[in-house]
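Here is the structure we will look at, set down as structure tokens.
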Amino acid sequence: DAGVIQSPRHEVTEMGQEVTLRCKPISGHDYLFWYRQTMMRGLELLIYFNNNVPIDDSGMPEDRFSAKMPNASFSTLKIQPSEPRDSAVYFCASRTRDSGTGGYTFGSGTRLTVV
Amino acid sequence: QKEVEQDPGPLSVPEGAIVSLNCTYSNSAFQYFMWYRQYSRKGPELLMYTYSSGNKEDGRFTAQVDKSSKYISLFIRDSQPSDSATYLCAATTGGAQKLVFGQGTRLTINP
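Going down the list, the sequences are from chains E and B. Taking our numbering, the leading residue of the first sequence gets 1, the next gets one more, and so forth. Taking our numbering, the leading residue of the second sequence gets 116, the next gets one more, and so forth.
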């Protein structure tokens, strides 16, 4: 099992540009979560999906952020336009309902720097 | 106020010491409590989880939850340099609901 795969690993972009982060969950996992990690705020949930349907997007900071899950094996998090305060590590995680509480598997993250 | 509070440290101890990491939480609906370990430039990995109040032991690691005081603890015995990482506590109401994380404590074990 390759685990949760995120791309790119690092992204440096200029303020105002569009950024797209990608995630491939573990096959068979029906929940997918997007988290953002910063030194100041720690790990924060942005949005999560169940069976490709967004369930809770209350953590999405503003309209500049959007997330999609067109199928069970792919999700994107898009920031348009990007701002320096969006600089953070973005993690994707997946799990099944039967994996037991705590059975979240995280990817290695995308480190985003907006200059 | 954050739902889960954790002292970010950093915490530095000598090899072999007993380490105590702690969190508090405010949401009484939380039923499941977890500790994740995160090495530098990696994603968090589940270390231990407990349901409701009580203790759980796994090798050198012990997790404790006291729901009456809303307090979560992780103890590491005979700490090793390989235990150097950031430790994150987390809580959830159950099922596949979202995890709420503490800020994480950066721990360094010095040889």
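We put the beta carbon where it would ideally sit given N, CA and C, even for glycine.
- request: Please classify B:Asp193: does DSSP put it in a helix, a strand, or coil?
  value: As a position in the second sequence, residue 193 of chain B is number 78, starting the count at 1. Correct three-state label for B:Asp193: coil.
- prompt: When you compare only the Cα positions, how much space is there between E:Phe49 and B:Pro129?
  reply: On the first sequence, residue 49 of chain E is found 49 positions in, with the first residue counted as 1. On the second sequence, residue 129 of chain B is found 14 positions in, with the first residue counted as 1. When rounded, the distance between both Cα atoms is 43 Å.
- prompt: Is E:Arg85 helix, strand or coil by DSSP?
  reply: Taking the first sequence and counting its residues from 1, the one referred to as residue 85 of chain E is at position 85. Here E:Arg85 sits in helix by DSSP.
field: DSSP bridge partner residues for E:His10 (one or two, in chain order)
entry: What you label residue 10 of chain E is simply residue 10 of the first sequence in a count that begins at 1. For E:His10, which the question treats as bridged, DSSP gives the partners E:Arg111.
Collapsed DSSP secondary structure at B:Asp173 in the structure displayed: Sequence index remark: in the second sequence, residue 173 of chain B carries index 58 (1-based). The answer is strand: DSSP assigns B:Asp173 an E or B state.
- prompt: Looking at chain B, which residues of the region 30-50 of chain E have a Cβ within less than 9 Å of any of its Cβ atoms?
  reply: Residues of the region 30-50 of chain E whose Cβ lies closer than 9 Å to any Cβ of chain B, in chain order: Asp30, Tyr31, Phe33, Tyr35, Gln37, Met39, Met40, Arg41, Gly42, Leu43, Glu44, Leu45, Tyr48 and Asn50.
message: Checking 8 Å against the spacing of the C-beta atoms, do E:Val19 and E:Ser82 come in under that value?
response: Indexing the first sequence from 1 puts residue 19 of chain E at position 19. Indexing the first sequence from 1 puts residue 82 of chain E at position 82. Against a cut-off of 8 Å, the Cβ pair of E:Ser82 and E:Val19 comes out as a contact.
- request: Can you have a look at E:Glu14 and say buried or exposed, based on whether 16 or more other CB atoms are within 10 angstroms of its CB?
  value: Residue numbering aside, residue 14 of chain E sits at position 14 when the first sequence is read from its first letter. Exposed.
message: Which residues of the region 121-146 of chain B have a Cβ closer than 7 Å to any Cβ of chain E? Give them in chain order.
response: Residues passing the 7 Å Cβ filter: none.
- prompt: Would you say E:Asp56 faces chain B, with C-beta separation under 8 Å as the test?
  reply: Here residue 56 of chain E corresponds to residue number 56 of the first sequence, with the count starting at 1. Under the Cβ criterion of 8 Å, E:Asp56 is counted among the residues facing chain B.
query: So B:Ser199 is in the beta strand (DSSP E); what residue range does that whole segment cover?
result: As a first step, residue 199 of chain B must be located in the second sequence, where it is residue number 84. For B:Ser199, there is no enclosing beta strand (DSSP E), as DSSP marks it with neither H nor E.
field: Spatial distance of B:Gly158 from E:Ile26 (CA atoms)
entry: Taking the second sequence and counting its residues from 1, one reaches residue 158 of chain B at position 43. Taking the first sequence and counting its residues from 1, one reaches residue 26 of chain E at position 26. Distance between the alpha carbons of B:Gly158 and E:Ile26 is about 15 Å.
message: On the DSSP letters alone, give me the boundaries of the beta strand (DSSP E) that B:Glu118 sits inside.
response: Working through the second sequence from its first residue, we reach residue 118 of chain B at position 3. For B:Glu118, no beta strand (DSSP E) run applies, since DSSP gives it neither H nor E.
query: Who are E:Leu46's beta bridge partners in DSSP?
result: In the first sequence, the residue the question calls residue 46 of chain E occupies position 46. Per DSSP, none; premise fails for E:Leu46.
message: As a quick exercise: from B:Leu214, B:Pro125 and B:Lys213, pick the residue whose alpha carbon is nearest that of B:Asn137.
response: Residue 137 of chain B sits at position 22 when you count from the first residue of the second sequence. In terms of Cα proximity to B:Asn137, the closest of B:Leu214, B:Pro125 and B:Lys213 is B:Pro125.
- request: Would you kindly check if the distance between the Cβ of E:Leu45 and the Cβ of E:Tyr31 is under 8 Å?
  value: Here residue 31 of chain E refers to the residue found at position 31 when the first sequence is read from its first residue. Here residue 45 of chain E refers to the residue found at position 45 when the first sequence is read from its first residue. Result no, Cβ atoms of E:Tyr31 and E:Leu45 do not sit closer than 8 Å.
field: Bridge partner(s) assigned by DSSP for E:Gln37
entry: In the first sequence, counting from the first residue as 1, residue 37 of chain E sits at position 37. E:Gln37 is bridged to E:Leu43 and E:Val89.
message: Within 8 Å of any Cβ in chain E, is that where the Cβ of B:Pro159 sits?
response: Taking the first residue of the second sequence as position 1, residue 159 of chain B is located at position 44. For B:Pro159, at least one C-beta of chain E is nearer than 8 Å to its own C-beta.
query: For B:Gly219, which residues in chain E fall below 8 Å Cβ to Cβ?
result: As a working note, residue 219 of chain B is residue 104 in the second sequence. The answer, in chain order, is Gly42 and Leu43.
Any 3 or more C-beta pairs closer than 8 Å across the region 194-201 of chain B and the region 144-156 of chain B: Touching, yes, given that three or more Cβ pairs across the two stretches are closer than 8 Å.
message: So with CB distances below 7 Å, who are the chain B contacts of E:Gly109?
response: Translated into the one-based positions of the first sequence, residue 109 of chain E becomes position 109. Under the 7 Å cutoff, chain B gives Gly158.
query: I think B:Ser188 touches B:Ser135, with their Cβ atoms under 8 Å apart; what is that distance to the nearest whole Å?
result: Here residue 188 of chain B corresponds to residue number 73 of the second sequence, with the count starting at 1. Here residue 135 of chain B corresponds to residue number 20 of the second sequence, with the count starting at 1. In this structure B:Ser188 touches B:Ser135 by the C-beta definition: roughly 6 Å separates them, less than 8 Å.
field: CB contact below 8 Å: B:Phe190 versus chain E
entry: Within the second sequence, numbered from 1, the residue matching residue 190 of chain B stands at position 75. No, no contact with chain E.
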